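Novice: Dropping a structure here in structure tokens format, bear with me for questions.
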Amino acid sequence: MYQMIGVLENLKEKRPGIHPELQIIPFQHIYRMLDEGELDAVVVFQAPAAAKASIYYRELQKIPMKMIYANFHALARRQEVSIEELRQEPLALFEPPKIFSNAVQLQAKLMEDRDVSDLHFCSSAEAITVLVSSG
Numbered sequence: 408m409y410q411m412i413g414v415l416e417n418l419k420e421k422r423p424g425i426h427p428e429l430q431i432i433p434f435q436h437i438y439r440m441l442d443e444g445e446l447d448a449v450v451v452f453q454a455p456a457a458a459k460a461s462i463y464y465r466e467l468q469k470i471p472m473k474m475i476y477a478n479f480h481a482l483a484r485r486q487e488v489s490i491e492e493l494r495q496e497p498l499a500l501f502e503p504p505k506i507f508s509n510a511v512q513l514q515a516k517l518m519e520d521r522d523v524s525d526l527h528f529c530s531s532a533e534a535i536t537v538l539v540s541s542g
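Under this note's numbering, the first residue of the sequence shown is numbered 408, with each subsequent residue one higher.
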């Protein structure tokens, strides 16, 4: 949601009278509501697999993947970390239905040949942050 700040600032400049209403709606309902006119626009992290002709998808920006480390972790001060390095670490990951496809693909690579005890699936960024911060 925080990534919407810049988009909304630009929108406010171009259309000063606009009054956006931000809602978090279960993913399975978004496109139906858009198609039925209940929503004017939606923000998603990937194009719908089978978009109807009435839906126009426009990519606003690429979203980079980020890692969160505890301050004391050996990788915390590094600018870049490889997938191979991450495969050696215990990981807190989003539950697959809660993230966009690029992240699912990356998480799948990180989970290959891993002991399940090294993986912690979380339903929110807050839960991941708590696990990581606690080491």
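A virtual CB, placed ideally from N, CA and C, is assigned to each residue, including glycine. Being a predicted model, the structure only gives us computed values, none of them experimental.
Over what stretch of residues does the beta strand (DSSP E) that includes L526 continue unbroken?
Specialist: L526 to C529
Novice: On the CB-based measure, 16 or more other CB atoms within 10 Å of its CB, does L500 come out buried or exposed?
Specialist: buried
Novice: So for L446, helix, strand or coil by DSSP?
Specialist: coil
Novice: On a Cα-Cα basis, can you pick out the residue from A515, A448, M440 and R439 that is closest to I425?
Specialist: Just measuring C-alpha positions, the residue of A515, A448, M440 and R439 sitting nearest I425 is A448.
Novice: Would you give the residue range spanned by the beta strand (DSSP E) that L500 belongs to?
Specialist: Per DSSP, L500 is one residue of the beta strand (DSSP E) stretching across L498 to F501.
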